[in-house]
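As structure tokens, the structure follows; a few thoughts come after it.
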Amino acid sequence: MEDQPHLIEFKKIGDSSIGYISVAENQKDIPFKIERVFWTYFTPEDVVRGHHAHYKTEQVLIAATGWIKVETENRLGEKNTFLLDKPNQGLYLPPNCWHTMKYSHSSVQLVFASTVYIESDYIRDYNEFRNPKKNP
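Numbered continuously in my numbering, the sequence shown closes out at residue 330.
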């Protein structure tokens with residue numbers, strides 16, 4: 195299943211009277227060693243981000259607040275749409291998975307990545323993604 199985008203449910207501990215906590219442990223709940231964490235916020239609702247894939251990087255996306263609509267496509271052309279709107283749920287993105295994200299303005303997206311930032315790991319041209327010449 196690690197070669198396809200899929201949802202991950204994190205434990206939700208607590209109740210409505212005290213609040214909740216969710217935990218994501220390295221290489222347990224997150225299916226890879228985390229090398230980088232970043233977050234996006236205050237993205238206008240009319241902006242679509244992403245428009246890329248990665249040669250090697252795996253990611254888990256979480257909508258810590260608000261909602262995020264994620265559209266994915268693998269190299270075989272299989273497309274999926276995921277709505278992240280629970281802070282105890284993440285979306286696993288494998289390498290070679292084209293993705294775009296649309297956000298509610300109040301959303302905060304938390305991302306766990308398997309690599310540090312390396313520009314050459316990004317596939318930013320859709321035609322190159324669909325018709326790869328080489329895979330670094």
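Virtual Cβ for every residue (Gly too), placed ideally from N, Cα, C.
- V241 and E252 have their C-alpha atoms roughly 23 Å apart.
- Apart from the 5 residues on each side of it in sequence, Y316 sits with its Cβ closer than 7 Å to the Cβ of H246, H248 in its chain, given in chain order.
- A direct Cα-Cα distance of roughly 14 Å separates F306 from P199.
- Using a Cβ distance threshold of 7 Å, T309 and E229 count as a contacting pair.
- In the DSSP annotation of this structure, N290 is not part of any alpha helix (DSSP H), being labelled neither H nor E.
- When DSSP states are grouped into helix, strand and coil, N282 belongs to the coil group.
- Residue environment analysis places V217 among the exposed positions, since fewer than 16 neighbouring C-beta atoms fall within 10 angstroms of its C-beta.
- A257 is a Cβ neighbour of S301, given a cutoff of 7 Å.
- Distance from the CA of K296 to the CA of I262, rounded to the nearest whole angstrom, comes to 6 Å.
- Straight across, the Cα-Cα distance linking T234 with L285 is about 15 Å.
- Per DSSP, the beta bridge partners of R230 are A307.
- Residues of the same chain with a CB within less than 6 Å of the CB of K206, apart from the 5 flanking positions on each side, are Y214, S216, N282 in chain order.
- In the structure shown, D209 adopts extended strand secondary structure according to DSSP, grouped into three states.
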